[in-house]
Every structure is written in C-alpha cells, then in structure tokens.
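Written out below as structure tokens is the structure these notes cover.
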C-alpha cells in the first residue's frame, strides 16, 4: 500500500512509493571484491521540505543468513522536478560523493539513475561512475546497481529485494483508519 503523508511536500508525491523503512537481502559481485550475499536496511524519510532523505546500510551474510560484517553504507537526498527528472546527492562510506540524475518512468514506479559527477577522497578505491534502477514491484522495493572503474567496464555489482518494514505504529494507524461499518465476520468483505 502506498500512503501519501499529509505533510509530504507536494513535489515529492511521485516519489511517495519510496517512503518508509525497507529490509531484505541481495547479491554483491564485482571483480576484485568478495562475492557475497548481503542484508540491507533502507530508510526513505521526509521532513516537509522538497527532498527525501535516504540512508542505506548493508552487511555481509554468512551461509546461514547471519550478519558477518558491514559491507557498504550511504546517505543521500532525493529530489524530483515537474518533468519527473530525479536528482540524488549521495555520500558513501568509502569516500565517494556522487551526483545522480535520472527519471521517474511514466505510468509505473520505476527510477533509472546515472552518475553525473563523482568525487573521491584519497582513501576511496577506483570508481568512475554507475547506474541504478529502483522499482516498486508488488509492494516490494527492488533495485540493481551497476558500476565501473578504470579497469572494469560498467557492469552490475549489487542488487536487492526489499520488503516494507511494518511497525506497531503502522498497524495502529491503519486500524484507526478502518471504516466503522466493517463486517463483523470479515467474510462479507469478499462477497
């Protein structure tokens, strides 16, 4: 279910499908790095201004699905204009800062992004740019990231399937929003 908070900035309504806390797992595979399964937690929040705040934390999973160690963390600000153009300013824990530009697809909740600018600290590894695709599919958030370095052409390196995290507060809010004339047995709901 996509909810549009009443205090969401009007420009961000097309991105409302991203809002909330998400958790799931994915695969990391890039030449020169450990191939692994990873867990991920993502939060898209807003404070009434014209951007979404984004935080992502990933960690390596062992064969039993247990957390082994951190993998990557990133924070960003997402904006969208009247022409459905999306811009993202992202900072990653490896010393990379990126500006991403892309577009929200027409008639579906899907965003394609490409790096426009990359800045790296001396501590960061080689990186020249990337692409990302985010999609809201059957109430889940899925994404795939591609990256390139001076030695490796653009190629997929991470992807994940995330589920919305439901809190007790969400359940309480939804329960309060139910109509007063709900059928007692629930069966009439499906007739």
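In the working numbering, the protein residues as written are 44 to 234. Think of the CB as a built atom: it goes at the ideal place given N, C-alpha and C, for glycine as much as any other residue. Bear in mind that the values here come from a model prediction, so they are computed numbers and not experimental data.
- Could you say which of 131, 127, 161 lies nearest to residue 137 if we only look at CA atoms? Nearest option by C-alpha distance: 161.
- Message: Mapping the DSSP letters down to three states, classify residue 59 as helix, strand or coil.
- Response: Three-state DSSP puts residue 59 in a helix.
- Item | Nearest candidate by alpha-carbon position, reference residue 47, set 183, 110, 80, 91 | Here the closest residue by C-alpha is 91.
- Task: Could you name the residues that DSSP lists as bridge partners for residue 100?
- Result: 84, 116
- residue 137 in three-state terms, based on DSSP: coil
- Query: Apart from the five residues on each side of it in sequence, which residues of its chain come closer than 7 Å, Cβ to Cβ, to residue 152?
  - Reply: Cβ within range, chain order: 60, 178, 179.
- Query: Measuring CA to CA, which of 171, 195, 96 is closest to residue 52?
  - Reply: 96
- Query: To the nearest angstrom, how far is it from the Cα of residue 125 to the Cα of residue 203?
  - Reply: 29 Å
- Message: With the cut-off set at 8 Å, would you say residue 174 and residue 157 are in Cβ contact?
- Response: yes
- Per DSSP, residue 129 is paired with what? Residue 129 is bridged to 123, 145.
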